[in-house]
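A.B. asks:
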Amino acid sequence: MKLCAACCRNRYKKLVKRGITLSAKTYRENKTAYFFILPAMLFIIGIIIFPLLYSVYISFFDFNIFTKHPPFIGLKNYMDIFKSDYFWQSMGRTTYFTVISVGLELVLGFLVALLLNQEFKGRSFARTLLILPWALPTVVNGVLWTWIYDPNYGALNALLKSLGIISQYKNWLGTAFNAMNAVIVADVWKNTSFIAMVLLAAMQNIPKDYYEAAIIDGASRLKNVFYITLPLLRPAILVAVVIRTMEAFKVFDIIYIMTKGGPANGTQVISYYTYINSFQYSKYGYGAALSYIVSLVILIFALVYIKILYKKS
Amino acid sequence: MKISKGLVVFVVILLTVSALLAACGGNPSKNQGGSDAKNESQPVTINVLSSDDFAGFRKSVIPEFEAKYPNIKVNFMSVGYDSLHQKEVTALESGGDTYDVIDVDCIWTPEYVTKGYIIPVNDRITQEMKDDIVPAALDILKYKDNYYGLPMFNDVLFFYYNEDLLKQAGINEPPKTWDELIQQTNLMKQKGLIDYGMVWGWAQAEGLICYYTALAHSFGGDLVDSSGKPAVNTPQNVKALQFMVDSIANKVVDPASITYDDRQMLNVFSQGRVPFGMNWSFAWSVFNDANQSKVVNKIKVGLAPAGTPEVKSATCAGSMGLAVTSTSKHADEAWKFIEFLAGKDIQKKQAITAGALPIWKSLYDDKELQEQHPALKEMSAQLDTAYNRPSIVWYNEFSNALQVEIQNALNKSKTPQQALDDAQKKIDEIMNNYGGKY
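Chains as they are written, first to last, in our numbering: chain H, 9 to 321; chain P, 61 to 498.
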């Protein structure tokens, strides 16, 4: 950053010496620049901006199986959503999923990062292992855990039975509550690595002197963690939590692979509900409206997090 | 901010590894056959979208078709069943002529017809077809007295039993009723041969409705009333659901059935510890494939047991067929391809090489076919008692509402009566939203 600023300053001085005013030069440069970014801009407009606006437009129309030319219905899709039990139930499940999984991932991720920040033999190997769950595609992770939970051949049942914890094989995905928690465990297993990696990277930037000074002043190791590590990690925690919350709130793939929203809708989260409405029931307008509501919620999350965490630091 | 070189290298490696692993996850490759070769006679190219089931066979006979009709080239594409509906609806909703021929599951016919995606073919259906194609199969692409295409195979849920296990328990005949099935199960359990009598695919998915349709009919029920209007909370249907709930409680049915779909249940059945199971015809080849099955040559086909004396046997039909899209510019050529695949010689070939049951009644008496397909005779006996799922335009919504409530009963969070009452309420609500149309 510093280097770059210095560079610009030098260039500016040179330009002034040569008698070229900055504004004219920038103007000319800008024009050429616009020309160069034109393809990228067209691409972004075509791929992102146009579909984004078009889906807002769609959300005001009543697309359904019977309508060949969907009529304009204003905000009715949005009102129907707020009146639907399915919507509120899905929202509840999504919130549960998000709070529990991100919470667990944060706590576990922090502990793992603390551990891997210590110096011990085989540390680099352990750090490499840490990446594996995160590097695994979610689909693979879902299939993997479906087998682990299998009621007849699953590794989890075999393990718990051989340890004497359960006397009979259990159907982990069989009831709504169990299934939701089982999916959360699968998600935590994968995404704890992500949080741990982000926090570990940040921890390595905390100068050792701080801890040494604190220890000289008589602070315990636990106090070091609470008064030095955690406060200094605040920005990294912010980044990790915001990213993970957004991802968790729109969770879809692992649900699709593991439970398809079952049993008895017990794991039907909001993204899955949106998918079913759009692509199975052909209610594109309703589906578009749903996804805008989800986006809005995610946006609010992001704003709240940023406000809380940036204010204090 | 200072970032150490080591960390940068670490991140780069990490991203590379994740990209590689993601690549290993892989996408199902699209099969693109045929070409747009332009020669003097300007052949017409028709685009066909098919489900992955039997796609291999269909592809293999395209050269034969192109030799018979040199002016037609076939561009054949296939996707997995799970993405088929979505792909077809998005392609046809946007109105482009991406596909000339599409694969239609029986439950989508009312929707596709109402949306105008497929065209009626009444004048192309011959008298021979009407006389000789199994009625339950021909009806899958019929809606309100119009025909929209031809079935490609004839599939119903068959009742499979492990003859080996039955013999070890001294049982000579497969059960004719569900009560008999429970008795036989208990006998085999006493002898320590099995843990459970049956495994089903009752997960929250379309398969559950197929099984429930079969069971409801075997107890004398139906999911619609005589006018075709959805009516799920009839006493017979409640009885069928009660049977399902009880059979889990009595440990006749593997409780894992509630999380398995109709493919996953085969993993259990093929291990040879469960004597009874219902599944589609493709399961036959799974059972007899030594690589994935421990029950090779031990499985036999019987009639699905009945739940009440008035019913002899009942099952659910699940065939798929091909139809011509309304956006196609080559409807004649497209139909020729459908007619070709439905033809008797190709159907016979399909039965021998791919194991699919033929749509023609007369082929079931074919000597050569009977030799090649040892279960053909038993399977054809089940075809007369096959019932289709309800014909409803908003079928997917109907199915989902029913799936959820059946699972609520299986999980014991509701009684069967309560669950079906709630399902009916939900279904009525959906019907009202569509102005009472179904």
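By construction, the Cβ of each residue, glycine as well, lies at the ideal position given by its N, Cα and C atoms.
Taking the alpha-carbon positions, what's the residue 72 (chain H) to residue 234 (chain P) distance?
C.D. replies: Numbered from 1 along the first sequence, position 64 holds the residue referred to as residue 72 (chain H). Numbered from 1 along the second sequence, position 174 holds the residue referred to as residue 234 (chain P). Spanning the two alpha carbons is a distance of roughly 47 Å.
A.B. asks: Does any residue of chain P bring its CB to less than 7 Å from the CB of residue 183 (chain H)?
C.D. replies: One-based indexing of the first sequence puts residue 183 (chain H) at position 175. True, the Cβ-Cβ gap to chain P drops below 7 Å.
A.B. asks: CA-CA distance, residue 498 (chain P) and residue 251 (chain H)?
C.D. replies: Looking up residue 498 (chain P) in the second sequence gives position 438. Looking up residue 251 (chain H) in the first sequence gives position 243. Going by the C-alpha atoms only, they are around 44 Å apart.
A.B. asks: Using a Cβ cut-off of 7 Å, pull out every chain P residue sitting near residue 290 (chain H), in sequence order please.
C.D. replies: What you label residue 290 (chain H) is simply residue 282 of the first sequence in a count that begins at 1. By Cβ distance, chain P contributes 149.
A.B. asks: Kindly indicate if chain H contains any beta-carbon less than 7 Å away from that of residue 471 (chain P).
C.D. replies: The residue you call residue 471 (chain P) lines up with position 411 of the second sequence. Yes, because at least one Cβ of chain H sits closer than 7 Å to the Cβ of residue 471 (chain P).
A.B. asks: What does residue 128 (chain H) reach in chain P if we use C-beta pairs closer than 7 Å?
C.D. replies: Looking up residue 128 (chain H) in the first sequence gives position 120. In chain order: nothing, as chain P lies at least about 17 Å away.
A.B. asks: Can you pull out the residues from the region 263-290 of chain H whose beta carbon lies closer than 8 Å to at least one beta carbon of chain P?
C.D. replies: 267, 268, 269, 270, 271, 272, 273, 284, 287, 288, 289 and 290
A.B. asks: Can you find the residues in the same chain that come closer than 6 Å, C-beta to C-beta, to residue 377 (chain P), ignoring five residues on each side of it along the sequence?
C.D. replies: By 1-based counting over the second sequence, the position of residue 377 (chain P) is 317. Result list for residue 377 (chain P): 196, 216, 446 and 448, in chain order.
A.B. asks: Given a cut-off of 7 Å on the beta-carbon distance, is the pair residue 313 (chain P) and residue 476 (chain P) in contact?
C.D. replies: Along the second sequence, one-based indexing puts residue 313 (chain P) at 253. Along the second sequence, one-based indexing puts residue 476 (chain P) at 416. No, they are not a contact pair.
A.B. asks: Could you tell me the alpha carbon to alpha carbon distance between residue 379 (chain P) and residue 52 (chain H), rounded to whole angstroms?
C.D. replies: Counted from its first residue, the second sequence places residue 379 (chain P) at position 319. Counted from its first residue, the first sequence places residue 52 (chain H) at position 44. Using only the alpha carbons, I get a separation of about 43 Å.
A.B. asks: Would you mind telling me which residues of chain P sit closer than 8 Å to residue 239 (chain H), beta carbon to beta carbon, in chain order?
C.D. replies: Counting from one through the first sequence, the residue named residue 239 (chain H) turns up at place 231. Those within 8 Å of residue 239 (chain H) in chain P number zero; the least Cβ separation is about 17 Å.
A.B. asks: Which word fits residue 282 (chain P), buried or exposed, when buried means at least 16 other C-beta atoms lie within 10 angstroms of its C-beta?
C.D. replies: Position 222 of the second sequence holds residue 282 (chain P). Residue 282 (chain P) comes out buried.
A.B. asks: What in chain H is Cβ-close to residue 174 (chain P), meaning under 8 Å?
C.D. replies: Within the second sequence, the letter at position 114 stands for residue 174 (chain P). The answer, in chain order, is 73 and 74.
A.B. asks: What are the boundary residues of the beta strand (DSSP E) that includes residue 211 (chain P)?
C.D. replies: The residue you call residue 211 (chain P) lines up with position 151 of the second sequence. From DSSP, the beta strand (DSSP E) with residue 211 (chain P) extends over 209-211.
A.B. asks: Mind checking the region 159-170 of chain H against chain P and listing, in chain order, the residues whose C-beta falls within less than 8 Å of any C-beta there?
C.D. replies: 159, 160 and 161
A.B. asks: So what does DSSP say about residue 107 (chain P), is it helix, strand or coil?
C.D. replies: Locating residue 107 (chain P) in the second sequence gives position 47, counting from the first residue. Strand at residue 107 (chain P).
A.B. asks: Quick one: any contact between the region 118-128 of chain P and the region 387-402 of chain P, if contact means 3 or more CB pairs under 8 Å?
C.D. replies: Contact between the region 118-128 of chain P and the region 387-402 of chain P is present, with at least three C-beta pairs closer than 8 Å.
A.B. asks: Tell me which residues share the same chain as residue 442 (chain P) and place their Cβ nearer than 8 Å to its Cβ, disregarding the 5 neighbours each side in the sequence.
C.D. replies: Residue numbering aside, residue 442 (chain P) sits at position 382 when the second sequence is read from its first letter. So the qualifying residues of the chain are 216, 218, 219, 361, 363, 364, 373 and 375.
A.B. asks: Mind checking which residues open and close the beta strand (DSSP E) that includes residue 383 (chain P)?
C.D. replies: Here the question's residue 383 (chain P) lines up with position 323 in the second sequence. Segment 380-384, the beta strand (DSSP E) holding residue 383 (chain P).
A.B. asks: Where do the N-terminal and C-terminal ends of the alpha helix (DSSP H) with residue 422 (chain P) fall, by residue?
C.D. replies: By one-based count along the second sequence, residue 422 (chain P) stands at place 362. It is not in any alpha helix (DSSP H) - residue 422 (chain P) carries neither H nor E in the DSSP assignment.
A.B. asks: Looking at the secondary structure, which residues open and close the alpha helix (DSSP H) in which residue 218 (chain P) lies?
C.D. replies: To locate residue 218 (chain P), count along the second sequence from 1; it is residue 158. That residue, residue 218 (chain P), is in no alpha helix (DSSP H); its beta strand (DSSP E) goes 218-222.
A.B. asks: Please report the residue range of the alpha helix (DSSP H) in which residue 125 (chain P) lies.
C.D. replies: Within the second sequence, residue 125 (chain P) is the residue found at index 65, counting from 1. From DSSP, the alpha helix (DSSP H) with residue 125 (chain P) extends over 122-128.
A.B. asks: Report the residues of the region 251-281 of chain P with a CB closer than 7 Å to any CB of chain H, ordered along the chain.
C.D. replies: 263, 264 and 265
A.B. asks: Ignore the nearest five residues each way along the sequence and tell me which others in residue 317 (chain P)'s own chain have a CB closer than 6 Å to its CB.
C.D. replies: Counting from one through the second sequence, the residue named residue 317 (chain P) turns up at place 257. Counting only Cβ-Cβ distances below 6 Å, and skipping sequence neighbours, we find 259, 260 and 262.
A.B. asks: With contact counted as at least three CB pairs below 8 Å, one residue from each stretch, are the region 427-437 of chain P and the region 201-208 of chain P in contact?
C.D. replies: Contact between the region 427-437 of chain P and the region 201-208 of chain P is absent, because fewer than three Cβ pairs lie under 8 Å.
A.B. asks: At the 7 Å Cβ level, is residue 179 (chain H) part of the contact set with chain P, yes or no?
C.D. replies: In the first sequence, residue 179 (chain H) corresponds to position 171, counting from 1. It does; some Cβ of chain P falls within 7 Å.
A.B. asks: Across which residues does DSSP place residue 69 (chain H) in a beta bridge pair?
C.D. replies: In the first sequence, counting from the first residue as 1, residue 69 (chain H) sits at position 61. Residue 69 (chain H) is bridged to H:80.
A.B. asks: I believe residue 211 (chain H) touches residue 246 (chain H) by the beta-carbon criterion, under 8 Å. Please report the beta-carbon distance rounded to the nearest angstrom.
C.D. replies: Position 203 of the first sequence, counted from the start, is the residue given in the question as residue 211 (chain H). Position 238 of the first sequence, counted from the start, is the residue given in the question as residue 246 (chain H). Contact doesn't hold; Cβ gap of about 15 Å is too wide.
A.B. asks: When the cut-off is 7 Å and only beta carbons count, does residue 477 (chain P) lie next to chain H?
C.D. replies: Looking up residue 477 (chain P) in the second sequence gives position 417. Cβ-Cβ to chain H under 7 Å: no for residue 477 (chain P).
A.B. asks: Does the CB of residue 98 (chain P) have a neighbour CB from chain H at under 7 Å?
C.D. replies: Within the second sequence, numbered from 1, the residue matching residue 98 (chain P) stands at position 38. For residue 98 (chain P), the predicted structure reports a pLDDT of 41, less than 50, and the residue's modelled location is therefore unreliable. A value from the coordinates is still provided. No, residue 98 (chain P) lies away from the interface with chain H (no Cβ there is under 7 Å from its Cβ).
A.B. asks: Check whether the Cβ of residue 355 (chain P) lies closer than 7 Å to any Cβ atom in chain B.
C.D. replies: No chain B is present in this structure, whose protein chains are H and P.
A.B. asks: Looking at the C-beta of residue 490 (chain P), does it have a partner C-beta in chain H at a distance below 7 Å?
C.D. replies: Against the second sequence, residue 490 (chain P) aligns to sequence position 430. Judged by the 7 Å Cβ criterion, residue 490 (chain P) is not in contact with chain H.
A.B. asks: Would you give the residue range spanned by the beta strand (DSSP E) that residue 338 (chain P) belongs to?
C.D. replies: Translated into positions along the second sequence, residue 338 (chain P) becomes position 278. From DSSP, the beta strand (DSSP E) with residue 338 (chain P) extends over 336-339.
A.B. asks: Apart from the five residues on each side of it in sequence, which residues of its chain come closer than 8 Å, Cβ to Cβ, to residue 481 (chain P)?
C.D. replies: The residue given as residue 481 (chain P) occupies position 421 in the second sequence. Hits under 8 Å: 293.
A.B. asks: Mind pulling the chain H residues with CB within less than 7 Å of residue 316 (chain P)?
C.D. replies: By one-based count along the second sequence, residue 316 (chain P) stands at place 256. Going along chain H in sequence order, the residues near residue 316 (chain P) (Cβ under 7 Å) are 159, 160 and 179.
A.B. asks: Express the C-alpha separation of residue 260 (chain H) and residue 145 (chain P) in angstroms, rounding to a whole number.
C.D. replies: Locating residue 145 (chain P) in the second sequence gives position 85, counting from the first residue. Locating residue 260 (chain H) in the first sequence gives position 252, counting from the first residue. Each residue's alpha carbon lies about 19 Å from the other.
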